[in-house]
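Protein chains in written order, with the working numbering: chain A, 48 to 332; chain B, 48 to 332.
2 protein chains.
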Amino acid sequence: MLVEEALERYLSQQEGIYSSILEAMRYSLFAGGKRLRPILCLAATEAVGGKKETALPVGCALEMIHTYSLIHDDLPAMDNDDLRRGKPTNHKVFGTAMAILAGDGLLTEAFSLLTHPDLTQQVPAERLMRVIHLIAEAAGYKGMVGGQVMDLKFTGQEIDLEALETMHRHKTGALIVASVKSGAIIGEGNETEIEALGEYATQIGLAFQIVDDILDIEGTSEEMGKNPGSDKAQQKATYPALLGVKRAKEIAEKCIEKAIEALKPFEEEAEPLRALAQYIRKRRR
Amino acid sequence: MLVEEALERYLSQQEGIYSSILEAMRYSLFAGGKRLRPILCLAATEAVGGKKETALPVGCALEMIHTYSLIHDDLPAMDNDDLRRGKPTNHKVFGTAMAILAGDGLLTEAFSLLTHPDLTQQVPAERLMRVIHLIAEAAGYKGMVGGQVMDLKFTGQEIDLEALETMHRHKTGALIVASVKSGAIIGEGNETEIEALGEYATQIGLAFQIVDDILDIEGTSEEMGKNPGSDKAQQKATYPALLGVKRAKEIAEKCIEKAIEALKPFEEEAEPLRALAQYIRKRRR
Numbered sequence: 048m049l050v051e052e053a054l055e056r057y058l059s060q061q062e063g064i065y066s067s068i069l070e071a072m073r074y075s076l077f078a079g080g081k082r083l084r085p086i087l088c089l090a091a092t093e094a095v096g097g098k099k100e101t102a103l104p105v106g107c108a109l110e111m112i113h114t115y116s117l118i119h120d121d122l123p124a125m126d127n128d129d130l131r132r133g134k135p136t137n138h139k140v141f142g143t144a145m146a147i148l149a150g151d152g153l154l155t156e157a158f159s160l161l162t163h164p165d166l167t168q169q170v171p172a173e174r175l176m177r178v179i180h181l182i183a184e185a186a187g188y189k190g191m192v193g194g195q196v197m198d199l200k201f202t203g204q205e206i207d208l209e210a211l212e213t214m215h216r217h218k219t220g221a222l223i224v225a226s227v228k229s230g231a232i233i234g235e236g237n238e239t240e241i242e243a244l245g246e247y248a249t250q251i252g253l254a255f256q257i258v259d260d261i262l263d264i265e266g267t268s269e270e271m272g273k274n275p276g277s278d279k280a281q282q283k284a285t286y287p288a289l290l291g292v293k294r295a296k297e298i299a300e301k302c303i304e305k306a307i308e309a310l311k312p313f314e315e316e317a318e319p320l321r322a323l324a325q326y327i328r329k330r331r332r
Numbered sequence: 048m049l050v051e052e053a054l055e056r057y058l059s060q061q062e063g064i065y066s067s068i069l070e071a072m073r074y075s076l077f078a079g080g081k082r083l084r085p086i087l088c089l090a091a092t093e094a095v096g097g098k099k100e101t102a103l104p105v106g107c108a109l110e111m112i113h114t115y116s117l118i119h120d121d122l123p124a125m126d127n128d129d130l131r132r133g134k135p136t137n138h139k140v141f142g143t144a145m146a147i148l149a150g151d152g153l154l155t156e157a158f159s160l161l162t163h164p165d166l167t168q169q170v171p172a173e174r175l176m177r178v179i180h181l182i183a184e185a186a187g188y189k190g191m192v193g194g195q196v197m198d199l200k201f202t203g204q205e206i207d208l209e210a211l212e213t214m215h216r217h218k219t220g221a222l223i224v225a226s227v228k229s230g231a232i233i234g235e236g237n238e239t240e241i242e243a244l245g246e247y248a249t250q251i252g253l254a255f256q257i258v259d260d261i262l263d264i265e266g267t268s269e270e271m272g273k274n275p276g277s278d279k280a281q282q283k284a285t286y287p288a289l290l291g292v293k294r295a296k297e298i299a300e301k302c303i304e305k306a307i308e309a310l311k312p313f314e315e316e317a318e319p320l321r322a323l324a325q326y327i328r329k330r331r332r
């Protein structure tokens with residue numbers, strides 16, 4: 048598959064002095080991720096009439112950033128998780144020091160990839176600058192890093208729906224929106240298209256998180272590759288905990304509807320994005 | 048001073064949901080660093096005839112990357128240091144989880160700053176792409192992150208001079224070289240100039256490290272803001288340990304000479320770079 052091959056090409060194992068850090072970085076990068084962010088990015092490029100191959104380095108960079116965030120979130124000082132996607136977490140295999148560095152390495156490599164000749168030879172530099180800025184802001188303290196700070200602060204606390212939404216909009220939503228928008232920018236979408244796709248991404252990002260929370264209650268460990276019930280055990284606020292499972296499912300449905308609605312101006316080029324919205328509604332892991 | 052003001056402007060404290068992460072990021076960013084990398088970067092811009100103010104966002108990004116690396120290196124799972132520049136380390140003040148995130152936030156913010164309008168409105172995008180790529184490679188697994196991996200692996204081991212040099216070239220040298228080269232690129236230096244300044248940076252980077260090792264033996268805790276002898280206590284390989292203090296000092300002198308030699312093609316515009324080489328030779332902290 049396109050994304051897997053590209054990830055393998057952009058971060059291949061090497062012999063010699065970098066072998067141990069590459070091994071740790073690759074362990075988590077190839078640990079069975081769904082590749083949601085690169086798939087969304089490439090689908091957005093297609094939706095605005097671009098060639099999806101052009102966006103491959105951007106998609107791979109997004110997956111590296113996502114993977115780094117999982118490695119750091121799992122650390123003993125953070126969520127202290129032993130299992131991720133059915134496998135021992137990075138620090139369980141390589142130790143905490145190496146896991147911190149593997150995360151640092153993936154985050155940094157993402158920005159190296161965003162300035163890779165494969166991109167700079169095909170996409171105007173001004174457009175790439177905008178993509179890099181968008182992704183850096185979405186990943187940083189105003190986005191994903193900020194969301195993880197809120198998550199830590201909220202754990203064990205009673206919070207309201209607004210706080211929960213703010214947290215998720217930062218922790219997972221921001222990078223999902225950046226994935227879709229950057230794909231649209233690479234595909235030379237106009238501002239109206241980029242905004243519409245941003246709205247689509249906001250809605251599926253929220254739906255994705257609500258479904259995630261529901262799976263933590265209803266899913267089996269085989270389906271999820273981790274033990275269900277971990278949110279409750281860690282006293283994390285979730286949508287079903289705040290709203291009940293039934294109401295949470297209704298809101299997730301509503302989000303999917305709004306996401307599909309946002310795609311109205313697009314014709315069949317946006318079919319992959321529509322299918323992704325349906326996949327998020329039905330996913331079991 | 049130019050760099051301090053710019054850092055304050057680019058990462059100012061805010062009230063509201065980002066206040067706690069900003070506090071942790073700013074704690075280490077404003078903990079008395081020497082600002083060597085931004086100063087080198089700006090001086091290189093001047094050396095090739097550019098305006099040093101243009102390079103300010105790049106210099107600040109470099110300082111953020113340097114600061115993130117110090118926060119992560121000090122973590123309990125890494126060097127487990129309690130003091131840095133005479134102050135408690137980030138994790139001692141904010142806890143390990145927050146220190147990891149403060150580091151992640153600074154690293155990510157650096158790339159946001161490298162695509163800041165202050166830069167994109169003044170410097171051609173192609174030139175900035177080259178700077179971002181250079182800095183990402185120098186900070187990542189082929190540079191600084193890789194060097195920290197080697198440092199962890201070598202601690203407590205007997206290593207030879209070649210291994211020690213490889214480690215330092217990655218851990219500190221790569222970012223120093225990137226600082227100088229990126230300044231030269233921003234200042235529109237030609238390839239010959241960029242290469243000459245790269246050689247200058249390689250030499251002062253090595254000298255800086257050797258002097259650092261010597262200060263760890265000869266310095267006082269007041270001068271250094273940390274306890275001397277920590278390398279020995281941590282069983283770290285150092286230049287004076289491998290070569291003796293006298294020979295290590297001779298090599299540092301030789302590096303400074305070579306650095307000054309590399310500046311020969313430049314006239315008085317390179318005076319700040321020459322002065323920096325002398326500062327490194329004489330520094331006491």
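Where a beta carbon is used, it is the ideal one built from N, C-alpha and C, also for glycine.
Closest residue to residue i among the options (Cα-Cα distance)
i	options	result
A/C107	A/V140, A/I307, A/M48 and A/A124	A/M48
A/V192	A/E235, A/T239, A/L117 and A/S226	A/L117
A/Q281	A/K98, A/E205 and A/E52	A/E205
A/G96	A/G230, A/H215, A/E184 and A/G252	A/G230
B/L103	B/G152, B/P164 and B/Q61	B/P164
B/Y57	B/A144, B/K99, B/K98 and B/L153	B/L153
A/E51	A/E110, A/G291, A/D121 and A/F158	A/E110
A/E161	A/E93, A/I233 and A/M145	It is worth fixing the name first, because residue 161 of chain A is Leu in this sequence and not Glu. Comparing Cα-Cα distances from A/L161 to each of A/E93, A/I233 and A/M145, the minimum goes to A/I233.
A/I182	A/K228, A/Q169, A/K139 and A/T92	A/K228
B/E240	B/I303, B/M145, B/A309 and B/M176	B/A309
B/E316	B/L87, B/Y65 and B/E62	B/L87
A/Y65	B/K218, B/K283 and B/D121	B/K218
B/E314	B/S67, B/P85, B/A91 and B/R73	B/A91
A/L83	A/R73, A/I68, A/K200 and A/V105	A/V105
A/L89	A/E235, A/K305 and A/I261	A/E235
B/D198	B/Y188, B/M214 and B/G187	B/M214
A/K283	A/C302, A/K296, A/A221 and A/K200	A/K200
A/E55	A/S67, A/G63 and A/Y74	A/Y74
B/K296	B/D278, B/T167 and B/D260	B/D260
A/K189	B/Q195, B/L175, B/S159 and B/G266	B/S159
A/N137	A/D121, A/K98, A/D151 and A/D126	A/D121
A/D128	A/S277, A/E93 and A/L148	A/S277
Residue i, enclosing alpha helix (DSSP H) - first and last residue
i	result
B/Q325	E318 to K329
A/F255	E238 to E265
B/P287	Y286 to L290
B/E235	Counting along the chain, B/E235 falls outside any alpha helix (DSSP H), and DSSP gives it neither H nor E.
B/K53	A quick correction: the sequence has Ala, not Lys, at residue 53 of chain B. Counting along the chain, the alpha helix (DSSP H) containing B/A53 begins and ends at L49 to Y57.
Residues near residue i in its chain [Cβ-Cβ closer than 8 Å; skip 5 each side]
i	result
A/V224	A185, G245, A248, T249 and G252
B/L290	L208 and I298
B/K305	E246 and Q250
Same chain, Cβ closer than 6 Å to residue i, neighbours up to 5 away in sequence not counted
i	result
A/I327	I251, A254 and F255
B/A53	L103 and C107
Own chain residues within Cβ distance below 7 Å of residue i, not counting five before or after
i	result
B/P312	A243
B/E156	L58 and M111
A/I307	R321 and A324
B/Q61	L69
Going along the stretch 189–219 of chain A in order, which residues come within less than 9 Å of chain B, judged by CB to CB distance?
K189, G190, M191, V192, G193, Q195, V196, M197, L199, K200, T213 and H217
Residues of the stretch 139–161 of chain B with a CB closer than 9 Å to any CB of chain A: list them in chain order, please.
G142, T143, A144, M145, A146, I147, L148, A149, G150, D151, G152, L153, L154, T155, E156, A157, F158, S159, L160 and L161
At which residue ranges does the stretch 62–108 of chain A contain complete alpha helix (DSSP H) runs of 4 or more residues, listed in the order of the chain?
66–76 and 83–94
Taking only runs of the alpha helix (DSSP H) that begin and end inside the stretch 131–162 of chain B, which ones reach a length of at least 4 residues, in chain order?
137–141 and 143–160
Would you list, in chain order, the members of the stretch 55–70 of chain B that have their beta-carbon closer than 8 Å to a beta-carbon of chain A?
I64, Y65, S67, I68 and L69
For a minimum of 4 consecutive residues, which ranges assigned as the alpha helix (DSSP H) are wholly contained in the stretch 158–228 of chain A?
164–167, 172–186, 191–201 and 208–215
Using a beta-carbon distance cut-off of less than 7 Å, what residues from the stretch 170–185 of chain B approach chain A?
A172, E173, L175, M176, I179, H180, A183 and E184
Name the residues in the stretch 107–132 of chain B whose C-beta lies less than 7 Å from a C-beta of chain A; which are they?
H119, L122, A124 and M125
Listed from N- to C-terminal order along the chain, which residues in the stretch 70–88 of chain B have their beta-carbon within a distance smaller than 9 Å of any beta-carbon of chain A?
A71 and M72
Under 7 Å (Cβ pairs) to chain B, residues found in the stretch 251–267 of chain A:
none
Using a beta-carbon distance cut-off of less than 9 Å, what residues from the stretch 227–248 of chain B approach chain A?
none
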